[in-house]
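The sequence shown lines up with residues 7 to 325 when you count with the working numbering.
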Amino acid sequence: MAAVCKPGWSKPSTILFASEIPANEKAFGFALAQAAEFGADLILFHSYDTLVVAASETSGIHYYDYAAAARTELKLLEPLAQRAREAGVHCEVVVRPGLAADQILGFLHEREIDRIVMGTHSPGPIGKLLVGSVAEAVLRTSRVPVYIVGPDVVDGTYRQFATRTILCAVSLLESSYMVVRFAAELAAQHNARLILQHVIKPQERAEVLAGRSIDQMESDLLGMVPPELHDAIKVQAIVVPGDPTEELLYQGRAQQADLLVLGAQGASAFAAVTRHGIVYKVLAHSHCPVITLSPVVLAECASKGEKAHPREVFLAGVF
7 MAAVCKPGWS
17 KPSTILFASE
27 IPANEKAFGF
37 ALAQAAEFGA
47 DLILFHSYDT
57 LVVAASETSG
67 IHYYDYAAAA
77 RTELKLLEPL
87 AQRAREAGVH
97 CEVVVRPGLA
107 ADQILGFLHE
117 REIDRIVMGT
127 HSPGPIGKLL
137 VGSVAEAVLR
147 TSRVPVYIVG
157 PDVVDGTYRQ
167 FATRTILCAV
177 SLLESSYMVV
187 RFAAELAAQH
197 NARLILQHVI
207 KPQERAEVLA
217 GRSIDQMESD
227 LLGMVPPELH
237 DAIKVQAIVV
247 PGDPTEELLY
257 QGRAQQADLL
267 VLGAQGASAF
277 AAVTRHGIVY
287 KVLAHSHCPV
297 ITLSPVVLAE
307 CASKGEKAHP
317 REVFLAGVF
């Protein structure tokens, strides 16, 4: 089945910024810049804890005032909304009671959202990127691309948030055709250079190459770009042996990438806790934002249950 991306994924009409309070200013800057660039609507979305109770002198229990809490949260987010409006962006604030990940994902069924933008904290002692694993849950199950601004991302203001170089981690598995198409369409929208990277574990090099040269494998990667986009973007392929995380982060810096594109098949709860997952290591240390396609999205593109090419054992694009 041919990979098909929704038009709004590369040129969003509505962007949801999943905000904490206080807001992640760096992540908000990227969300606002994208909304301004594409003329998209911006939704500032926040959920608040419904489990707060306090002792009362009379009854012993004082039930949480949800309406008052919502008004408070709305008031705290209004300055961000005003900044967006002053920048010419149509912006609204939505506040919901409940668990953040559940509310964000539930909202996708209510409104046509093309992209989620969210920030992360620095990894804690057990490797969680966000308290409550909000980012982990969203990027694993979202039906739209998730744009994540990690703790090491350099503020985009120094380059006016421009996307000039996109680095995409790929393999030759079926699901990577979807990832490559998405990255290529993003590159076309931004008039950006696209780099396709494939990393082979050194101990598996002979088995993976199976008599092919590095140049032949790079040619195979270039062939994954949809034919209709060949003349629209500049594409480079890089195939190297090494550790997938280290090589992806290294190329991100060396190529001065403004955006990394990943398929998030291995974004499991276990990986989030142990910090063994490639996706989470990249999110924690990337110097530029990372946009992911979830296992749900890739499964809908008939990638579920796929088998690797018989000559391939491990490739960087499928985590």
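Every residue, glycine too, gets a C-beta built ideally from N, C-alpha and C. As the structure is a computational prediction, the values presented were derived from the model and not from experiment.
**Asked** Can you tell which of 172, 19, 25 and 33 has the C-alpha that lies nearest to the C-alpha of residue 107?
**Response** 25
**Asked** Excluding sequence positions up to five away, which residues of its chain have a Cβ less than 7 Å from the Cβ of residue 141?
**Response** Same-chain partners within the cutoff: 124, 126, 135 and 154.
**Request:** Below 6 Å CB to CB, which residues in the same chain sit around residue 166 once its five sequence neighbours on both sides are set aside?
**Result:** Within the same chain, residue 166 has no close Cβ partners at all.
**Message:** Quick check on the DSSP output: the alpha helix (DSSP H) that includes residue 301 runs from which residue to which?
**Reply:** 301-304
**Item:** Where residue 110 falls: helix, strand or coil (DSSP)
**Value:** helix
**Request:** Measure the Cβ-Cβ separation of residue 148 and residue 300 and say whether it is below 7 Å.
**Result:** yes
**Item:** Whole-angstrom distance between residue 244 and residue 34, CA atom to CA atom
**Value:** 32 Å
**Asked** Could you give the C-beta distance for residue 298 and residue 100, rounded to a whole number, given that I count them as a contact under 8 Å?
**Response** Going by Cβ atoms, the distance from residue 298 to residue 100 rounds to 23 Å, so no, they are not a contact pair.
**Item:** Own chain, CB closer than 7 Å to residue 186, minus 5 neighbours either side, in chain order
**Value:** 174, 176, 202, 230 and 231
**Message:** Quick check for students: name the residue ranges of the beta strand (DSSP E) that lie wholly in the region 182-260, counting only runs of 3 or more.
**Reply:** 199-206 and 241-247
**Message:** Only counting the same chain, and skipping five residues up and downstream in sequence, which positions put a Cβ closer than 7 Å to that of residue 168?
**Reply:** 264
**Request:** Tell me whether the beta-carbon of residue 51 lies closer than 7 Å to the beta-carbon of residue 37.
**Result:** Going by C-beta atoms, residue 51 is not nearer than 7 Å to residue 37.
**Prompt:** Going along the chain, which residues of its own chain have a beta-carbon closer than 8 Å to the beta-carbon of residue 43, five neighbours each way excluded?
**Reply:** Answer for residue 43: 167, listed in chain order.
**Asked** Is residue 27 helix, strand or coil when you go by DSSP?
**Response** coil
**Request:** Take every Cβ of the region 192-199, pair it with every Cβ of the region 208-226, and state whether three or more of those distances are shorter than 8 Å.
**Result:** Look at the beta carbons and you see the region 192-199 not touching the region 208-226: under three pairs across the two are nearer than 8 Å.
**Asked** By a C-beta neighbour count over all protein chains shown, 10 Å radius and 16 as the cutoff for buried, is residue 27 buried or exposed?
**Response** Classification of residue 27: exposed, given that the 10 Å Cβ count is below 16.
**Prompt:** Hey, quick one: how far does the alpha helix (DSSP H) through residue 103 stretch, first residue to last?
**Reply:** Not the alpha helix (DSSP H): residue 103 falls in the beta strand (DSSP E), residues 97-103.
**Asked** Whole-angstrom Cβ separation of residue 240 and residue 200, contact assumed at under 8 Å?
**Response** In this structure residue 240 touches residue 200 by the C-beta definition: roughly 7 Å separates them, less than 8 Å.
**Asked** Closest to residue 94 by CA distance: which of 102, 47 and 289 is it?
**Response** For the residues 102, 47 and 289, the minimum Cα distance to residue 94 belongs to 47.
**Asked** How many angstroms separate the CA atom of residue 197 from the CA atom of residue 87?
**Response** 29 Å
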